[in-house]
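Per numbering that gives the first Met the number 0, the sequence shown runs over residues 0 to 392. Ideal Cβ placement from N, Cα and C applies to all residues, glycine included. Predicted model only: the values in this text are computed from it and were never measured. One structure is given here, and the rest of the page talks about it.
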Amino acid sequence: MTLLTRRVAMPAVLSVLLSRRAFPVACSSLIARLPKGITPLAVVILIHQTTGSYAIAGAIAAGTAFGDALTTPVQGRLLDRFGRGAVLIPSAMVYAVALALLPLLALRHAPTAAVLACALLAGSGFPPISGSMKALWPRLVTDTVAVGTAYAAESLIQQILLLIAPLLASALITWFAPAAALWAAAAATLLGTVSFVAFAARVDAGTAPGPHRPGSALRVPAIRLLVAATLVQGLIFGALPVVLSGLAAHAGAPDVAGLLLAAWICGGVLGSFRASRAAFPSALARLAAALAAPAVVAAVTGGRLVPVALAFGVAGLFLTPVAAASYVIVDDTAPPGRRTEAFTWLSTALAVGGSAGSALAGASIDGLGILPAVFLPTAAAGLAALVATRLRR
């Protein structure tokens, strides 16, 4: 059996997620990851309110993302060597303190360099809960056949996070203030991380720690190819918010861009319950074909929002099989003492690809117009599928 033919089944995703063994760990990991969806919006609004500049606001928000992407693989390697408690809790403390300090600096009109440095520190301290949770899932299920289902549950958590975190951020900003949203995010990460470490320790009870292995997870050829494919795949997630905002503006309703994005995410949530046997390259190819549908619909209808939203919702159904299949490859190929690091490299690849996708989508809209630019996510998925076809045992 090769990596490309291993089954990724998802019919029992809820039973895995809601099991007594998995639910406390998964729930605490979700709480710890909420700032991923709260911080960008709150930072942009806060900095714009205090400086009047979207350019500065964007730079500060990018600083948190850059710091996170830069240090995540390093933290993943430390996790594999020293364990969760020794890495995650100190990281969460650094993140919470730096993020809580950021609004105080902004409201006191501190120099931009000081605010940027604080944002970089906060991003650098964000604990790699996502990679830790992915590495833990195989021990949360009792059957190796259920590993694919477990990773589908992880993808479902991420989709729920994408759905609820921006709504929570909007509520906190509207009812209180952007600073309150950032302080709530700092508290959520600290509380969620401490809870995650405690619940995960129960799962590990009686299990001998794996041997420490020198070197990087990137020494494994399959991991390198997977990271490359994931980097290209990240273009999709960076381009879509920009493209959907452009479509909404093109249709004369810029305020509904969030609803278009919600349709895509809701499709991803529903797709978590859909069984799939697709290997990683095949899953990417199917996602590329599915993303072609809303692009064609937009071209044919001139960008009418209702049919485009429905088409993006259908395309979202093909998202979870891609994520679950990639996690299975890491589980199959990464050395046990480097598994968390391998998962964090995927997170970094998605973040870097997402940043490039946002910039590329903006340039495409300006240079080609919105309707041709809608085909960018399709092209990114197709290119990622071509890179992924090189994966072999």
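Alpha carbon to alpha carbon, what distance is there between residue j and residue i?
{"i": "Pro23", "j": "Ala200", "result": "12 Å"}
{"i": "Ala58", "j": "Leu120", "result": "14 Å"}
{"i": "Ala298", "j": "Leu370", "result": "6 Å"}
{"i": "Val226", "j": "Pro72", "result": "12 Å"}
{"i": "Gly147", "j": "Tyr53", "result": "42 Å"}
{"i": "Ala60", "j": "Ala179", "result": "16 Å"}
{"i": "Gln74", "j": "Ala282", "result": "30 Å"}
{"i": "Gln157", "j": "Ala64", "result": "17 Å"}
{"i": "Ala41", "j": "Leu103", "result": "14 Å"}
{"i": "Ala113", "j": "Gln48", "result": "17 Å"}
{"i": "Leu77", "j": "Ser215", "result": "11 Å"}
{"i": "His249", "j": "Val351", "result": "28 Å"}
{"i": "Leu217", "j": "Leu69", "result": "16 Å"}
{"i": "Pro110", "j": "Pro334", "result": "45 Å"}
{"i": "Ala289", "j": "Ser354", "result": "23 Å"}
By alpha-carbon positions, which one of the options ends up nearest to residue i?
{"i": "Ala21", "options": "Leu246, Ala197, Val373 and Leu167", "result": "Ala197"}
{"i": "Gly406", "options": "Val114, Ile163 and Val93", "result": "Any property of residue 406 remains undetermined from this structure, which presents the chain solely from 0 to 392."}
{"i": "Trp344", "options": "Tyr94, Lys133 and Val86", "result": "Lys133"}
{"i": "Thr339", "options": "Gly66, Leu135, Arg389 and Ala113", "result": "Leu135"}
{"i": "Ala56", "options": "Ala149, Ile46, Pro89 and Thr63", "result": "Ile46"}
{"i": "Tyr150", "options": "Ser325, Leu375 and Ile364", "result": "Ser325"}
{"i": "Gly191", "options": "Leu181, Ala183, Ala31 and Leu166", "result": "Ala31"}
{"i": "Leu33", "options": "Ala355, Phe279 and Leu167", "result": "Leu167"}
{"i": "Ala278", "options": "Ser123, Gly237, Ala355 and Ala387", "result": "Ala387"}
{"i": "Thr377", "options": "Gly122, Arg83 and Gly237", "result": "Gly237"}
{"i": "Ser14", "options": "Ala145, Thr188, Val295 and Leu290", "result": "Ala145"}
{"i": "Leu115", "options": "Gly66, Leu155, Gly302 and Val140", "result": "Gly66"}
{"i": "Arg83", "options": "Arg303, Val241, Ser354 and Val202", "result": "Val202"}
{"i": "Glu153", "options": "Arg80, Ser363, Leu17 and Gly122", "result": "Leu17"}
{"i": "Val284", "options": "Leu101, Gly270 and Val321", "result": "The sequence given here places Ala at residue 284; Val does not occur at that position. The option with the nearest alpha carbon to Ala284 is Val321."}
{"i": "Met92", "options": "Ser194, Thr188 and Pro334", "result": "Thr188"}
Rounded to the nearest angstrom, how far is the Cβ of residue i from that of residue j, given a contact under 8 Å?
{"i": "Val231", "j": "Ala379", "result": "6 Å"}
{"i": "Ala399", "j": "Ala228", "result": "Here the chain covers residues 0 to 392 and nothing more, so residue 399 does not appear."}
{"i": "Ala292", "j": "Val313", "result": "7 Å"}
{"i": "Ala97", "j": "Gly62", "result": "With 8 Å as the limit, Ala97 and Gly62 do not qualify as a contact, their Cβ atoms being about 11 Å apart."}
{"i": "Val219", "j": "Thr332", "result": "5 Å"}
{"i": "Ala185", "j": "Ala99", "result": "5 Å"}
{"i": "Leu349", "j": "Gly233", "result": "4 Å"}
{"i": "Val373", "j": "Leu246", "result": "7 Å"}
{"i": "Tyr94", "j": "Gly124", "result": "4 Å"}
{"i": "Leu316", "j": "Leu160", "result": "Not confirmed; about 18 Å, so no contact."}
{"i": "Val329", "j": "Ala310", "result": "Not confirmed; about 31 Å, so no contact."}
{"i": "Val410", "j": "Val307", "result": "Since the first residue of the chain shown is 0 and the last is 392, residue 410 is not available in this structure."}
{"i": "Thr38", "j": "Leu181", "result": "7 Å"}
Spell out whether any CB of chain C is found under 7 Å from the CB atom of residue i.
{"i": "Val226", "result": "In the displayed structure, chain C is absent; only one protein chain is listed."}
Decide yes or no for the touch test of the stretch 260-276 against the stretch 354-363: beta carbon pairs closer than 8 Å, at least 3 of them. no
Taking contact to mean 3 or more Cβ pairs, one atom from each stretch, closer than 8 Å, check whether the stretch 121-128 and the stretch 86-95 are in contact. yes
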